[in-house]
Structure formats: C-alpha cells, structure tokens
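For the numbering used here, count along the sequence shown from 1 and bump the result up by 235. By construction, the Cβ of each residue, glycine as well, lies at the ideal position given by its N, Cα and C atoms. All values derive from a computational prediction rather than experimental measurement. Since the structure comes first, as structure tokens, the remarks are kept for the end.
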Amino acid sequence: MTSQRIIMGITGASGVIYARALLEELLSLDVQVHLIVSNAAKIVMREELGLTFPPARHFDLSRLLGRETASERVVVYDDADLAAGPASGTFRSRGMVICPCSMKTLATLAAGTGSSLITRAADACLKERRRLVLVPRETPLNLIHLRAMVSVTEAGAVVLPAAPGFYHRPKTIDDLVRHIVLKILDVLQLEHSIPYRWKDSDKEK
Ligand SMILES: Cc1cc2nc3c(=O)[nH]c(=O)nc-3n(C[C@H](O)[C@H](O)[C@H](O)COP(=O)(O)O)c2cc1C
C-alpha cells in the first residue's frame, strides 16, 4: 500500500532523461505516481531516446522505463482527459512536478489558461496551495519566460531549472541528472537516499 500520491507531468522540453530518472526514484519510494505525458513530450522522447509512441494510443510507460511497472505504483492518464482525477482540487496529493517543463506549459500556467490535464492539474495544485515544482529547460531566456517564472513563483510554484551543479564532481551524465532529481525530491520533501549532499559528513561530526 503506497502512502501518498505525487502527480507528475512530462512536457515537451529537452531533457526527458530527467523525467525517466525522476520516475525511477519516485517508484523506489513509498509514493504512488499519477503520470501525464504531453504529446510534445512524446515527440521529444522520439528525438532524444529513439522511442516512438503512436499519437492516439495510451502512453506506454514500459517503453520509457524499459520494464513493466506494478499498476498500484503508477497511474497513467491521457493529457486530453480533463475528467481525470488530478484535474480536480479534491484529488488529494502531496503535490505535482512537471519535469521537464516547456516554456509553453510555463506560460500557460502563468496565464492561468490551462486546457490540458497537465496544466489543469498544476493549476489545481496552485489553487489548493499544494506543492508545484516546475523544471524548465530552456536557454537563453527571454523576458516572457522570465516574467512567467515570476508569475508562477508568486502563485506558489517552485521553479527549479534543470541546471545541475558540478561541486559533487560528476563523472557521468547520470551523475548530473541525479543531482537535479535529488533537488526535486528535496523540494517535494520526500525522503530518498541519493548521495551528493554538500558537506553532509561535516554536519554529522
Ligand atoms: C526535440 C525538441 C526539443 C524541444 N526542446 C524544448 C526545450 O528545451 N524547452 C522548451 O521550452 N521547448 C522545447 N521544445 C518545444 C516544445 O516541445 C513545444 O513548445 C511544445 O508545444 C510544448 O508543448 P507541451 O508543453 O504541451 O509539452 C522542443 C521541441 C522538440 C521537438
């Protein structure tokens, strides 16, 4: 039995490997993931991971993870399904993360005009004052992007750019990716065992 729900959106920004690594970590924790994948995210999965998803079909999570996942651990919704549970503020969850978060989705949230399940669920998290973590991946940023980040931050979201640190001396791409995953789990206040905390050992002395 899982103790809490996390809503996760994957949108069409570059960096789908962040989403895959985050999903793997969430699935190793005592949470149930409620997953929504935008159509643009499927296109990026094709470009970055070589995975193809027929557009009209239900998102096949086993293709992204390379294995089957127990259905009680993850529930997958269609991004067009506005009647799905996460669309309502009455759907209780610990919060939501959109990783990666496209500038389009960010701007939609800033304007409050969500018409997909991802943007509606995120809007519902904001209105219910639940945790919402947005992981944008864009560079450079124009003034519209920056203003949208200010707006969503004022509304209560946490903007957590996919900009890994290097102080933990990463040796692989996975090391960089896991650093961002660690940051996301920390903001969601989920206990995990990913290493790389800065001078943690000093604090324990
Ligand atoms: C290969 C590829 C990479 C993209 N990378 C980014 C990106 O890093 N950041 C971004 O904001 N949009 C990026 N886009 C554009 C978004 O996919 C596009 O704005 C889309 O409408 C976003 O829709 P969604 O937010 O519903 O997923 C990329 C598109 C493609 C095809």
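Range of the contiguous alpha helix (DSSP H) that encloses residue i
i	result
Ile252	Val251 to Ser263
His414	Ile408 to Val422
Ile429	From DSSP, Ile429 is part of no alpha helix (DSSP H); its letter is neither H nor E.
Leu341	Met338 to Ala346
Cβ neighbours of residue i in the same chain (closer than 8 Å, five flanking residues each side left out)
i	result
Arg366	Arg329, Gly330, Met331, Cys360, Val393, Val422, Leu423 and Gln424
Asp275	Correcting the residue identity first, residue 275 is Ala in this sequence and not Asp. Correct list, in chain order: Thr246, Gly247, Ser337 and Lys339.
Any non-hydrogen atom of ligand 1 closer than 7 Å to residue i Cβ
i	result
Ser386	no
Arg372	yes
Gly247	yes
Glu282	yes
Ala315	no
Ile252	no
Met243	no
Ala319	no
Lys339	yes
Ala276	yes
Ser351	yes
Cα-Cα separation between residue i and residue j, rounded to whole angstroms
i	j	result
Gly347	Ala356	11 Å
Lys418	Asp313	27 Å
Met338	Arg302	30 Å
Leu261	Leu376	29 Å
His427	Leu420	7 Å
Leu299	Leu286	7 Å
Ala345	Gly391	11 Å
Own chain residues within Cβ distance below 6 Å of residue i, not counting five before or after
i	result
Phe326	Gly320
Arg372	Ala248, Ser249, Gly250, Pro335 and Ala397
Glu282	none
Gly349	Thr343, Arg355 and Asp358
Val311	Leu270, Phe294 and Leu296
Residue i - containing beta strand (DSSP E), residue span
i	result
His380	Element bounds for His380: not the beta strand (DSSP E) but the alpha helix (DSSP H), Leu378 to Glu389.
Asp358	Taken as a continuous stretch (DSSP letters only), Asp358 belongs to no beta strand (DSSP E), being part of the alpha helix (DSSP H) at Leu352 to Lys362.
Leu369	Arg366 to Pro371
Leu270	Val266 to Val272
Arg308	Arg308 -> no beta strand (DSSP E), and no H or E assigned at all.
Neighbourhood of residue i by C-beta, 7 Å cutoff - its chain only, sequence neighbours within 5 removed
i	result
Ala256	Val412, Arg413 and Val416
Lys362	Gly324
>> When you compare the region 378-390 with the region 262-278, are there three or more beta-carbon pairs, one atom per stretch, that lie closer than 8 Å?
In response: Look at the beta carbons and you see the region 378-390 not touching the region 262-278: under three pairs across the two are nearer than 8 Å.
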